[in-house]
Every structure is written in C-alpha cells, then in structure tokens.
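Visitor:
In our numbering, the protein residues as written are 10 to 395.
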C-alpha cells in the first residue's frame with residue numbers, strides 16, 4: 010500500500026497551491042512526486058534520514074495516510090489554506106467544490122491527484138477572481154482579491170495584470186515584473202500584454218446558458234439528448250453540444266493506449282477522475298465554448314452531484330438540468346445487456362447518484378413504454394428556450 014509521508018513544503022494557511030508529496034511504498038522506500046522538471050533535483054537521495062531532516066528544518070510537513078491504488082505516479086497535493094478559504098468568502102469569490110478525497114491538516118486541507126487535475130482549481134479560481142477584480146468598484150475589495158491571487162498563482166498573467174493596475178507606483182511594478190517574469194520582453198511589450206489581459210474576459214462560460222442531461226444507463230438518455238440538441242438548433246442559432254465522455258476517454262487511453270476503451274474501463278477511470286477532481290471534468294466543456302462561441306451549451310452524461318456543482322460554480326449562475334427516466338425495468342435491463350454484456354451497471358458507483366439527480370432535475374422526460382418521449386422533448390425544449 011502506497012502512503013503519503015509528507016508534503017515537501019510547509020504551506021502557509023494564507024496560501025492556495027500545488028505541493029509535491031513524499032510517498033512511501035510500505036517497504037521503507039521513499040520517492041517524491043508532483044515536482045516540475047525544474048525542481049526534480051529535490052527528489053534526489055530521498056530517504057528516511059533526509060525526510061526527518063526536512064521535517065526538523067520546517068521544509069516538509071509530516072502527514073500519514075494511505076493512497077488509493079489508482080493514484081497517478083506523478084500525483085501532487087492541492088493545498089487549501091484555512092485563512093485563504095475564509096478570505097475568499099469575505100470577498101464573495103468562493104472556492105470551487107473541492108474533491109471528495111480531502112484530508113484535514115493543521116492550517117488547511119489537501120487533496121491528492123494528478124497535477125493537471127489539481128491545477129484546474131487554481132486556474133479556475135484565479136479566472137473568476139480576475140473577472141470579479143475588473144468589475145469591482147470597491148477599492149478595498151479589489152486589493153483583497155489581488156492579494157489572494159498573488160497567494161494562489163503569483164506569476165500568472167492575470168495576477169500580474171491586476172497587480173500592475175492596482176500598484177501605487179505602476180512604473181516600478183512594471184519594471185519589477187519585467188525583471189522577474191518578462192525575460193526577453195521590453196517594458197513596452199510587457200505593458201501591451203498586460204493591457205490586453207485586462208481587456209479579455211477570463212471565464213469563457215461567464216455568459217453561456219448551460220443545460221445538462223442526466224439519466225441511468227438503459228433509459229435511452231443518449232437518444233433523448235441527440236433529439237433535444239437537434240430541436241434546440243432549430244430554435245437557437247448558437248447551440249453547442251458536449252459530453253463529459255470525451256475527457257474520460259482521454260484519461261482511459263492513458264491507462265490503456267491501444268484499442269478503444271470499453272465500458273468497464275470508462276466507468277472505473279471516470280469514477281476516479283470525478284472523485285479526484287470534479288472540476289477537471291467540468292472544465293472540459295470550456296473548450297467547446299471557445300471553439301463555437303456558443304451562447305447555449307447542452308451537456309450530456311452528468312452522473313455525479315459533485316460535477317453538477319462544479320459546472321454551476323463555473324457558470325456562476327443557475328444550470329438547467331433535464332432528467333431522463335424509464336419506469337420499464339425490463340426494457341432498461343434489455344438495453345444494458347445488449348450494450349454491456351455481463352456487467353452489473355446499476356450497482357456501479359457511476360450510476361448510484363443518478364436517480365437522485367433525475368428526481369431533482371428542472372425538467373423530466375419519461376421514456377417508458379407508451380410514452381411519447383419525442384413530443385416531450387419538443388415541449389421541454391420550447392419551455393427551456395422560451
């Protein structure tokens with residue numbers, strides 16, 4: 010059993026960021042994961058005496074908990090300092106819904122996962138904070154937002170642009186940024202870049218209406234979704250359709266590069282990613298909005314409350330949900346057997362939350378025998394886009 014022995018840092022309660030971890034294999038061997046290539050030297054010679062010395066010097070925070078077997082080899086820790094989290098509430102720019110697997114430590118909490126799945130929490134929070142900074146009229150709130158952005162992603166272009174705009178001496182701030190972060194840029198080039206950043210909206214979903222579909226396997230949800238998208242495009246000119254299946258397939262191919270991933274692999278990988286980073290799953294729909302400049306995005310296959318909450322946080326507005334149900338258990342069972350032979354689908358973790366999501370949906374479409382579900386789709390689409 011792999012365990013986390015320490016964070017290779019002692020993060021501040023005021024901070025929000027990614028931290029490398031020291032892992033043990035249960036046989037006395039230690040390794041470090043979550044390091045960038047530039048910092049890989051910090052992993053050399055890691056053993057029990059070296060770790061003990063780091064802890065005594067205050068350069069590592071001791072922890073002790075087991076990691077799930079499916080934890081990626083390059084996993085890092087997402088650190089959320091208590092003071093940082095409290096301050097986000099005061100400036101009305103709350104953190105996104107955190108991963109299911111979190112551990113409470115002195116001064117904050119951590120979640121462990123693949124660096125790309127953890128980094129989205131920093132990137133997306135800074136995105137929301139940057140837009141709030143630009144629209145805020147209260148100087149004190151703007152200052153607090155910039156301070157938080159500096160504790161999260163100090164070298165991010167959005168943080169630097171906000172810091173420059175708010176600086177008491179903008180020229181001195183600009184010179185300092187060029188020295189530290191603008192290698193190869195002139196002061197004039199750096200100023201133009203910061204001005205361009207300040208004029209750009211950071212959140213592609215900020216003005217997008219999002220409609221999500223949920224429904225159990227065997228309920229004909231995919232057919233209903235396709236029908237709804239077709240009818241919606243007759244009503245609105247800028248509609249884009251997306252599915253969370255794509256991001257899960259990409260992660261599954263990293264596990265099994267050859268061949269198409271089967272349903273069992275997709276379910277296992279999908280569940281791991283959702284538990285590790287529901288926000289990573291949710292942000293996968295942003296790319297489609299960037300490509301199509303859509304004003305309405307219809308998303309299929311929301312299977313977990315945490316992902317729905319993450320989408321809601323990204324949009325910063327209400328999200329309409331459509332639940333697809335089928336009362337004919339024999340029909341559902343037949344469809345499952347035809348598509349997924351010898352798999353107990355309804356007992357899978359990816360299916361457990363769906364009935365509750367359907368019950369709480371804004372609109373419901375019943376595909377049971379005798380129900381004219383296509384007429385129901387037409388009616389719901391007109392109600393949604395009235």
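Note that CB positions come from ideal geometry on N, CA and C, so glycine has one too.
#1: Measuring CB atoms only, is the stretch 261-279 touching the stretch 184-199, in the sense that at least three cross pairs come out at less than 8 Å?
#2: Going by DSSP, what residues sit across from residue 74 in a beta bridge?
#3: Counting C-beta neighbours from all protein chains within 10 Å, is the total for residue 264 16 or more, i.e. buried, or is it exposed?
#4: Go ahead and label residue 354 buried or exposed: buried means 16 or more other beta carbons lie within 10 angstroms of its beta carbon, across all protein chains shown.
#5: Report all residues from its chain with a CB closer than 7 Å to the CB of residue 65; omit the five preceding and five following residues, and keep chain order.
#6: Report the option in 363, 293, 323 whose CA atom is closest to the CA atom of residue 133.
#7: Which residue from 108, 166, 118 puts its Cα closest to that of residue 136?
#8: Just reading off the alpha helix (DSSP H) that residue 25 is part of, what are its end residues?
#9: Which residue wins for smallest C-alpha separation from residue 205, given the options 101, 148, 169?
#10: Can you list, in chain order, the residues of its chain whose CB lies under 8 Å from that of residue 41, leaving out five sequence neighbours each side?
#11: Taking all protein chains shown into account, decide if residue 230 is buried (16 or more other Cβ within 10 angstroms of its Cβ) or exposed.
#12: Can you tell me the Cα-Cα spacing of residue 149 and residue 138, whole angstroms?
#13: Is the separation between the beta-carbon of residue 146 and that of residue 25 shorter than 8 Å?
#14: DSSP three-state call for residue 391: helix, strand or coil?
#15: What are the partner residues of residue 32, as DSSP defines its beta bridges?
#16: Using DSSP's beta-bridge definition, name the partner residues of residue 223.
#17: Using a Cβ-Cβ distance under 8 Å, would residue 183 count as near chain D?
#18: Decide if residue 266 is buried, meaning its Cβ has at least 16 other Cβ atoms within 10 Å, or exposed.
Guide: Let's see:
#1: No, because fewer than three Cβ pairs between the stretch 261-279 and the stretch 184-199 fall closer than 8 Å, the two stretches do not touch.
#2: Answer by DSSP bridge pairing, in chain order: 13.
#3: With fewer than 16 other Cβ atoms within 10 Å, it is exposed.
#4: In this predicted model, residue 354 has a pLDDT of only 49, less than 50, meaning its place in the structure is not dependable; the value taken from the coordinates is given anyway. Within 10 angstroms of the beta-carbon of residue 354 lie 16 or more other beta-carbons, which makes it buried.
#5: The answer is none, since no qualifying residue turns up.
#6: Just measuring C-alpha positions, the residue of 363, 293, 323 sitting nearest residue 133 is 323.
#7: The closest CA to that of residue 136, considering only 108, 166, 118, is found on 166.
#8: Run containing residue 25: none in the alpha helix (DSSP H); it sits in the beta strand (DSSP E), 25-28.
#9: Comparing Cα-Cα distances from residue 205 to each of 101, 148, 169, the minimum goes to 169.
#10: Cβ-Cβ distances below 8 Å link residue 41 to 17, 29, 30, 31, 32, 51, 52, 55 in the same chain, with the five nearest sequence neighbours on each side left out; the list follows chain order.
#11: By the neighbour-count criterion, in which a residue is buried when 16 or more other Cβ atoms sit within 10 angstroms of its Cβ, residue 230 is buried.
#12: Near 14 Å, if we compare the C-alpha coordinates of residue 138 and residue 149.
#13: Going by C-beta atoms, residue 146 is not nearer than 8 Å to residue 25.
#14: Residue state, collapsed to three classes: helix.
#15: For residue 32, which the question treats as bridged, DSSP gives the partners 13, 40.
#16: Residue 223 is bridged to 332.
#17: Here chain D cannot be found, since the structure has a single protein chain.
#18: Result: exposed.
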